[in-house]
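Single-structure report; data block below.
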Amino acid sequence: MSSAVAMEATRRRQRLSSNGGASEMTEDPAGQWGRAWEVDWFSLSAVILLLCTAPFLVFFFVMVCDQYQCSVSQPLVELYSGEATLGSIWDKAPSFTWAAAQIYTVWVSFQVVLYMCVPDITHKFLPGYAGGVQDGARTPAGLINKYEINGLQSWLITHALWYANAQYFHWFSPTIIFDNWIPLLWCTNILGYAVSTFAFVKAYLFPTNAEDCKFTGNVFYNYMMGIEFNPRIGKWFDFKLFFNGRPGIVAWTLINLSYAAKQQELYGYVTNSMILVNVLQAIYVLDFFWNEAWYLKTIDICHDHFGWYLGWGDCVWLPFLYTLQGLYLVYNPVQLSTAHAAAVLLLGLVGYYVFRSTNHQKDLFRRTEGKCSIWGKKPTFIECAYRSGDGGLHHSKLMTSGFWGVARHLNYTGDLMGSLAYCAACGFGHIHPYFYIVYMTILLVHRCVRDEHRCSSKYGKDWKRYTDAVPYRLLPGIF
Ligand code: NDP
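Numbering (full-length UniProt numbering), first residue to last: 1 to 479.
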């Protein structure tokens, strides 16, 4: 398909909206509830700021560990006093290496092979696990895509090989990731930019589904927030599912293991803080893969278009900034008191419980169309209607009981509690590991606002009825 087809789809949507094709239930026209069609100056400024600063921010947080023992203020003080210059900091940082490029190429290729060539068998023997071919959510144009869910299997195979290497084969050192960390940053950036640029060009030249493309007319916004909704190569290589889950999230636990191995190598022991970070984040990662089919119904897959935000974010931001705590602990091996460790563990586990139970309640409720039991009772809900871009009328339900009756996004609250626990595991010596909780708070509050704006456009008056019934977003009585 050509860009002309994509443009025609855009024009058709514009006609639909100007014809007032929306249902009586929605205030906005049909299919207008996905990512924005028009970009305001505030969003555009934020997009350009992020495009210009995010790669340097990632470099900064990794570099300060390499050169300043993870002190965030020291390089700034040195720059201010003239003791260091941007050039001298840059010169001291390790550069691109072909060894790192080889490691990264093998890594990404291996994940592509696992994703594309090894159909899931784990769902055949793991009770309760939903793997294999699964349906995604309805797209704004009214399509339902199919996905091969085999992330848990890929994670298990990758980690089994990692373990076998560390214990028996010794093909490479378990500290290999840490030892090549900044050169790997170069490689991930190359892939992140390449994939985002490819997706951008592909959207004009050969989009997978032109009806689900969105062009705002602003090149920066289109590049960052994406044009295509579900870009694919062939029938099964889905960019969103692969890049979001595989090179980044499978790597997350391996990166942490590499940090633990480095602590062992440097100090002869692994601290309880490192064990806590490894365990709590492994629970989160395993939860993600165990629930990969559920993940098809989350905002990343159902609503976000694939651009730099997801492409570069998955390749660079996620593996480097979600693992800052382990990196910090390599340079600052904090041994926590028993009380501190117990408090961190409790906060992490309670956060995980709230996060998982809230997500589970919505999933169960939606799967059974409300015919289930939530906290021992039949759930209460608000009936809603909306239209997709093809003009089709659909019905949905918004639950008003269980965790979804306490606040509109308690799953985010649980996520934030878990995030705080990872940071608190690093003690209070530096602010470096706390960047994560600041970032997650901004991400999830912004996501909350973005999601509610979309839901309000999608459901109109019905969304207002829901927010009247459940007035708070993250913290009952406060926000
Ligand atoms: P949600 O799972 O909360 O999904 C929001 C959608 O759920 C809404 O758009 C709406 O979709 C539907 N919905 C909203 N209210 C109700 C209700 N009362 N009853 C039924 N359905 C409702 O959001 P996300 O997809 O953002 O997050 C999923 C999880 O992933 C969260 O736990 C979050 O913390 C986590 N996450 C983690 C990130 C990380 O980087 N670690 C990043 C992003 C998310 P519909 O149009 O179908 O009605």
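No residue lacks a Cβ here, since even glycine has one placed at the ideal position from N, Cα and C. These numbers come from a predicted model, not from an experiment.
- Cβ neighbours of Gln-361 within its own chain (closer than 6 angstroms, five residues either side excluded): Ile-374, Gly-402, Phe-403.
- Residue nearest to Gly-245 within the set Leu-296, Val-354, Gly-391, Leu-416 is Leu-296 (criterion: CA-CA distance).
- Pairing Trp-312 with Val-445, the inter-Cα distance amounts to about 21 angstroms.
- The beta carbon of Phe-220 sits closer than 7 angstroms to the beta carbons of Leu-44, Val-47, Ile-48, Leu-51 from its chain, once the five residues preceding and following it are set aside; these are given in chain order.
- In this structure, Val-64 lies near Val-72, with their beta-carbon atoms less than 8 angstroms apart.
- At least one heavy atom of ligand 1 lies less than 7 angstroms from the C-beta of Lys-362.
- In the structure shown, Lys-362 falls within a helical segment according to DSSP collapsed to helix, strand and coil.
- The region 305-319 makes contact with the region 182-201: 3 or more CB pairs, one atom from each, lie closer than 8 angstroms.
- At least one heavy atom of ligand 1 is found less than 7 angstroms from the C-beta of Lys-458.
- Counting C-beta pairs with one atom in each stretch, the region 221-237 and the region 341-349 have fewer than three that are closer than 8 angstroms, which means they do not touch.
- Less than 8 angstroms separates the beta-carbon of Ile-103 from that of Asn-180.
- Taken in chain order, the complete alpha helix (DSSP H) segments of 4 residues or longer contained in the region 239-296 are 239-245, 251-267, 272-290, 292-295.
- Your pair Asn-165 and Asp-120 does not check out as a contact, with CB atoms roughly 24 angstroms apart and the cut at 8 angstroms.
- Here the C-alpha atom of Cys-423 lies approximately 15 angstroms from the C-alpha atom of Thr-271.
- In this structure Thr-175 is in contact with Lys-262, their Cβ atoms being roughly 5 angstroms apart against a cut-off of 8 angstroms.
- With a beta-carbon spacing of about 5 angstroms, Asp-212 and Ala-141 fall inside the 8 angstroms limit used to define contacts.
- Between the beta-carbon of Leu-156 and that of Gly-131 there is about 11 angstroms, and that puts the pair past the 8 angstroms contact cut.
- Assignment of beta-bridge partners to Asp-300 by DSSP yields no partner.
- Apart from the 5 residues on each side of it in sequence, Cys-455 sits with its Cβ closer than 7 angstroms to the Cβ of Trp-463 in its chain, given in chain order.
- Here the alpha carbon of His-430 sits roughly 33 angstroms from the alpha carbon of Ile-299.
- With a contact defined as Cβ atoms closer than 8 angstroms, Arg-473 and Arg-408 qualify at about 5 angstroms.
- No heavy atom of ligand 1 is found nearer than 7 angstroms to the CB of Ser-373.
- Selection Pro-207, Gln-134, Thr-97, Leu-280 evaluated against Ile-182 yields Thr-97 as nearest (Cα-Cα).
- Our two residues, Phe-110 and Ile-249, have alpha carbons roughly 14 angstroms apart in a direct line.
- Judged by DSSP secondary structure, Ser-396 falls within the beta strand (DSSP E) whose first and last residues are 393-399.
- Rounded to the nearest angstrom, the gap between the Cα atoms of Ile-283 and Tyr-163 is 18 angstroms.
- In terms of CA proximity to Asp-238, Tyr-147 leads the group Tyr-147, Ser-337, Val-77, Thr-323.
- Ile-177 is positioned such that its CB atom lies no closer than 8 angstroms to that of Ser-95.
- In this structure, ligand 1 has no non-hydrogen atom nearer than 7 angstroms to the beta-carbon of Cys-117.
- Measuring C-alpha to C-alpha distances from His-340 to each of Leu-276, Asp-468, Tyr-115 identifies Leu-276 as the nearest.
- For Thr-97, the shortest C-beta to heavy atom distance toward ligand 1 is 7 angstroms or greater.
- Proximity to Trp-41 across His-159, Phe-306, Tyr-434, Thr-216 peaks at Thr-216, based on C-alpha coordinates.
- Counting every other CB atom within 10 Å of its CB across the protein chains shown gives Trp-90 a total below 16, marking it as exposed.
- Arg-138 is positioned such that its CB atom lies closer than 8 angstroms to that of Ser-388.
- Excluding five sequence positions before and after Gly-418, the CB atoms of its chain that fall closer than 7 angstroms to its own CB belong to Leu-280, Tyr-284, Gly-348, Gly-351, Tyr-352, Phe-355, given in chain order.
- Not one heavy atom of ligand 1 lies closer than 7 angstroms to the C-beta of Trp-317.
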